[in-house]
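**Q**
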Amino acid sequence: MRKLIVAIVLLLTILFVVTRFADIEQVVRTFQRGDPRWLAMAVGVHLLAIVNLGLLLRSIYRVLGMEEGAGRLMLVGVASTFLTVVTSSGGWGGIAVFVADGRRRGLSTGRVAVAAAMYYLFDFVSALIVISLGLIVLLRRNRLEGGELAAAAVLAAYALVLAVLLYLGLRSPERLGRLLESIGRWINARLRGLLHRDYVDVSRARQLALDMGAGLHDARRTPEGLILPAALALSHKGLMVSVLFLVFLAFQQPFSVGTLIAGFGLAYLFMVVTPTPAGIGFVEGLLTLALNGLQIPLASAAVITLAYRGITLWLLLLYGAIAFRWIGGGRTAAG
Numbered sequence: 004m005r006k007l008i009v010a011i012v013l014l015l016t017i018l019f020v021v022t023r024f025a026d027i028e029q030v031v032r033t034f035q036r037g038d039p040r041w042l043a044m045a046v047g048v049h050l051l052a053i054v055n056l057g058l059l060l061r062s063i064y065r066v067l068g069m070e071e072g073a074g075r076l077m078l079v080g081v082a083s084t085f086l087t088v089v090t091s092s093g094g095w096g097g098i099a100v101f102v103a104d105g106r107r108r109g110l111s112t113g114r115v116a117v118a119a120a121m122y123y124l125f126d127f128v129s130a131l132i133v134i135s136l137g138l139i140v141l142l143r144r145n146r147l148e149g150g151e152l153a154a155a156a157v158l159a160a161y162a163l164v165l166a167v168l169l170y171l172g173l174r175s176p177e178r179l180g181r182l183l184e185s186i187g188r189w190i191n192a193r194l195r196g197l198l199h200r201d202y203v204d205v206s207r208a209r210q211l212a213l214d215m216g217a218g219l220h221d222a223r224r225t226p227e228g229l230i231l232p233a234a235l236a237l238s239h240k241g242l243m244v245s246v247l248f249l250v251f252l253a254f255q256q257p258f259s260v261g262t263l264i265a266g267f268g269l270a271y272l273f274m275v276v277t278p279t280p281a282g283i284g285f286v287e288g289l290l291t292l293a294l295n296g297l298q299i300p301l302a303s304a305a306v307i308t309l310a311y312r313g314i315t316l317w318l319l320l321l322y323g324a325i326a327f328r329w330i331g332g333g334r335t336a337a338g
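Numbered per my numbering, the sequence shown finishes at 338, counting up by one with no gaps.
(1) Could you check the C-alpha separation between Val115 and Ala43 for me, to the nearest Å?
(2) How big is the Cα-Cα spacing for Leu297 and Tyr123?
(3) Label Ile330 either buried or exposed according to how many other C-beta atoms from any shown protein chain fall within 10 Å of its C-beta, with 16 as the threshold for buried.
(4) Would you check if the distance between the CB atom of Phe285 and the CB atom of Thr291 is smaller than 7 angstroms?
(5) Between Ala253, Pro280, Ala293, Val164, which lies nearest to Phe261 when the distance is taken from Cα to Cα?
(6) With DSSP collapsed to three states, give me the class of Gly333.
(7) By DSSP, does Ser259 sit in helix, in strand, or in coil?
(8) Apart from the five residues on each side of it in sequence, which residues of its chain come closer than 6 angstroms, Cβ to Cβ, to Ala154?
(9) Since Ile139 is in the alpha helix (DSSP H), which residue starts that stretch and which ends it?
(10) Grab me the residues of Ala166's own chain with a C-beta within less than 8 angstroms of its C-beta, minus the 5 sequence neighbours each way, in chain order.
(11) To the nearest angstrom, report how far apart Glu70 and Leu110 are at their CA atoms.
(12) Given Val246, which residues of its chain have a CB within under 8 angstroms of its CB, disregarding the five upstream and five downstream residues?
(13) Quick one: complete alpha helix (DSSP H) runs, 4+ long, within the stretch 279-317?
(14) Taking its Cβ as the centre, do 16 or more other Cβ atoms sit within 10 Å of Ala302, making it buried, or is it exposed?
(15) By Cβ distance below 6 angstroms, which residues in the same chain neighbour Ala337 in space, the five residues on each side in sequence not counted?
Right, dumping it as C-alpha cells:
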C-alpha cells in the first residue's frame, strides 16, 4: 500500500510540474537577472527557516510528551507542504503526512494530530501578528483596502476554528469524539457513492479524541513549554522576512522596513486564502500589484515577487519531494 501511495503522489507530482512548467521556467529566468550572491544568501536563510521549522515541531512534540528528532520532523514538515500542494488537499494532506509518519514510528495518532493542529495554530497566529503590522503600514500609506481586511479575517477564522477544536479536546474529549464522528459520517455519506465503502472509520473517532485530550492535558500541565514554540514560530516569520529583504538587495531595489513587513504579510495572506494550492497564480499577480502600490516600480515588483516565490515555494517543493520520498521509504533521519 505504501508503494502505491508513493506511486500516486509521484504521478500527481509529474502532472503538477507539467502543468506549471511555464511558471518554473519564468522563475529560472528571473533568477538569472539577480545578483547571485544575494540570491544564494536568500536560499541559505530559507534553509535556516526550514531548520527552524524542525525545531518548532520538536518543541511542540515535547510539550505533548513525544520525543522526536528535529531533523526527522523537519523532513516531515516540508513533506507535508509538498503533499498539500501537489494534491490540492488543503491542510488535510499535510496533517495526513504527520499522522502516517507517527504511526510508522509508534506514536499516538491523537497526539500527533494535536501536534499538527498546534503547529498550524502557532503558524497562523505568528503570521497574523506580522500581518497586523503590515496592515498598519498599508493604513498609514492609505493603501489599505477591504480585500486585505477580508483575507485577514478569513485567516483569523482558520486560527479560531483550530483553537476551538483544541479547546474542545482539552475540556471534553467525549464531545470532540462525537463531533469527529459526525464529521466522519458526513464525509462517508458524500463519498460512499464514489468509493462504495466508508472512507472514514468513525468507530475510531472516540479513541482518537481521548488520545488528543490526553496530549492536551500534558500540554496544560506545562504551559511554560508553549513559550518556546511561540518564539520559534515568530522567529520563522522573521527569517522569511529576511529572505524577502535579500531578494530586494539581489535586484538592487530600494525599500523600507515597512515595505518588507507589508510585502511578507500580504504574500502569506494571499498564499493561505486564495483558492489555488499555495496561491499559485494568484500570489504572483496580487503581490506584484501590492508592491507596486507600495511605490515599488512594477517591473521590479514582478521580478522580486517571482524570485521570492521561487525560493519560498518552488525550492521548498523540491525539498519536500525529496523529503517525502525519504520518509515515505521508511528511512530515519538523524535528530
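Even glycine gets a Cβ: it sits at the ideal position worked out from N, Cα and C.
**A** Let's see:
(1) For the purposes of this step, residue 115 is taken as residue 112 along the sequence shown, with counting starting at 1. For the purposes of this step, residue 43 is taken as residue 40 along the sequence shown, with counting starting at 1. Each residue's Cα considered, the two are about 35 angstroms apart.
(2) Reading the sequence shown from its first residue, position 294 is the one you call residue 297. Reading the sequence shown from its first residue, position 120 is the one you call residue 123. So the alpha carbons of these two residues sit roughly 29 angstroms apart.
(3) Within the sequence shown, numbered from 1, the residue matching residue 330 stands at position 327. Buried: at least 16 other Cβ atoms inside 10 Å.
(4) For the purposes of this step, residue 285 is taken as residue 282 along the sequence shown, with counting starting at 1. For the purposes of this step, residue 291 is taken as residue 288 along the sequence shown, with counting starting at 1. No; because the gap between Cβ atoms is not below 7 angstroms, this pair is not in contact.
(5) Counting from one through the sequence shown, the residue named residue 261 turns up at place 258. One detail in the question is off: residue 261 reads as Gly in this sequence, not Phe. When only C-alpha atoms are compared, the closest one is Ala293.
(6) Position 330 of the sequence shown, counting from 1, holds the residue named residue 333. Summary for Gly333: the model assigns pLDDT 46, below 50, so the residue's position carries little reliability, and this model does not support an answer.
(7) Taking the first residue of the sequence shown as position 1, residue 259 is located at position 256. Looking at Ser259 - three-state DSSP - the assignment turns out to be coil, as it is neither helix nor strand.
(8) Residue numbering aside, residue 154 sits at position 151 when the sequence shown is read from its first letter. Within the same chain, Ala154 has close Cβ partners Leu272, Val276.
(9) The residue labelled residue 139 in the question sits at position 136 within the sequence shown. Element bounds for Ile139: 112-143.
(10) One-based indexing of the sequence shown puts residue 166 at position 163. Counting only Cβ-Cβ distances below 8 angstroms, and skipping sequence neighbours, we find Leu124.
(11) Within the sequence shown, the letter at position 67 stands for residue 70. Within the sequence shown, the letter at position 107 stands for residue 110. Approximately 10 angstroms between the Cα atoms of the pair.
(12) Here residue 246 refers to the residue found at position 243 of the sequence shown. Here the set comprises Ala45, Val48, His49, Ala52, Tyr311, Ile314, Thr315.
(13) If one requires a minimum length of 4 residues, the alpha helix (DSSP H) runs lying completely within the stretch 279-317 are 286-296, 301-312, in chain order.
(14) Position 299 of the sequence shown holds residue 302. Counting Cβ neighbours within 10 Å, Ala302 comes out exposed, since fewer than 16 surround it.
(15) For the purposes of this step, residue 337 is taken as residue 334 along the sequence shown, with counting starting at 1. With a pLDDT of only 39 at Ala337, under the threshold of 50, the placement of this residue in the model should not be trusted, and no figure is reported.
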